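Heads up, the thing below is written out as structure tokens.
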Amino acid sequence: KQEVTQIPAALSVPEGENLVLNCSFTDSAIYNLQWFRQDPGKGLTSLLLIQSSQREQTSGRLNASLDKSSGRSTLYIAASQPGDSATYLCAVQRDFNKFYFGSGTKLNVKP
Amino acid sequence: SQTIHQWPATLVQPVGSPLSLECTVEGTSNPNLYWYRQAAGRGLQLLFYSVGIGQISSEVPQNLSASRPQDRQFILSSKKLLLSDSGFYLCAWMAGPNYGYTFGSGTRLTVV
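Here's what the structure looks like:
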């Protein structure tokens, strides 16, 4: 079974700081890895999808990397803003119809 | 463009009452559809998925069932709710293996 771990569970940083969120998984035989953002009481918003043949994806201030051999992915957020405050989830697609989710990193960006 | 709708947004139901949550997708055909539950303090748990009309795969044996009566409609049901059914229910769809998930806005269910 695929285990997905996200560290840290919570993170508080001052506005403007660059930060890295970590995601590790136990089985390197994956299809894709997807990063999501979840605001309190809301659904999940997709941020980035990294296909198994790719090593990274970028969108605006976000950059996600994937190292399948070591079972790791990182989400880099540049110049953080208070609006970035949310819970960030990574999900690993082990089989076509099965994504395994981490428990998330709750980010608080202080003004 | 494709959109996914879930309703209701919130629901408070007594123990033993029935449940019906609906999810519809617009702007695509033959999507793969998924029901997830997010319980307080726990991660997302896949409940059911469907690759076509009438085709339902169950991931977790429990008090819930799912149906797909139309191509873009996915329904989560229960005949008698338990307290443990409380949680945040999310519907998602996927166009293909390299497209990732798109989630709906979720339904907050509280069983009292």
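As they're listed, the protein sequences go chains A and B. Numbering (the numbering used here) for the first sequence: 230 to 340. Numbering (the numbering used here) for the second sequence: 60 to 171. Glycine included, every Cβ here is placed at the ideal spot set by N, Cα and C. Because the structure is a prediction, the values reported are computed rather than measured.
Check: Any contact between the region 79 to 98 of chain B and the region 126 to 137 of chain B? By contact I mean 3 or more CB pairs, one from each, below 8 Å.; Outcome: yes
Check: Taking Cβ-Cβ distances shorter than 7 Å, what residues in chain A pair up with L103/B?; Outcome: F330
Check: Is L277/A helix, strand or coil when you go by DSSP?; Outcome: strand
Check: Could one say the Cβ of Q121/B lies closer than 9 Å to chain A's Cβ atoms, at least one of them?; Outcome: no
Check: Quick one: give me the first and last residue of the beta strand (DSSP E) that Y93/B is part of.; Outcome: N91 to Q97
Check: Can you tell me where the beta strand (DSSP E) with Q310/A in it begins and where it stops?; Outcome: It is not in any beta strand (DSSP E) - Q310/A carries neither H nor E in the DSSP assignment.
Check: Given F325/A, which residues of its chain have a CB within under 8 Å of its CB, disregarding the five upstream and five downstream residues?; Outcome: Y260
Check: With three or more C-beta pairs closer than 8 Å as the rule, is the region 317 to 335 of chain A touching the region 234 to 249 of chain A?; Outcome: yes
Check: Got a sec? Which residues, its chain only, sit under 6 Å from M153/B by beta carbon, not counting five neighbours each side?; Outcome: N91 and Y160
Check: Please state the DSSP three-state secondary structure of L336/A.; Outcome: strand
Check: Within its chain, find whatever has a CB closer than 7 Å to the CB of V119/B; leave out the 5 residues flanking it on each side and keep chain order.; Outcome: Q104 and L106
Check: By the 10 Å Cβ neighbour count, where 16 or more other Cβ atoms means buried, how is T287/A classified, buried or exposed?; Outcome: exposed
Check: Using the Cα positions of I201/B and R290/A, report the straight-line distance between them to the nearest angstrom.; Outcome: Residue 201/B lies beyond the range of chain B shown here (60 to 171); nothing can be said about it.
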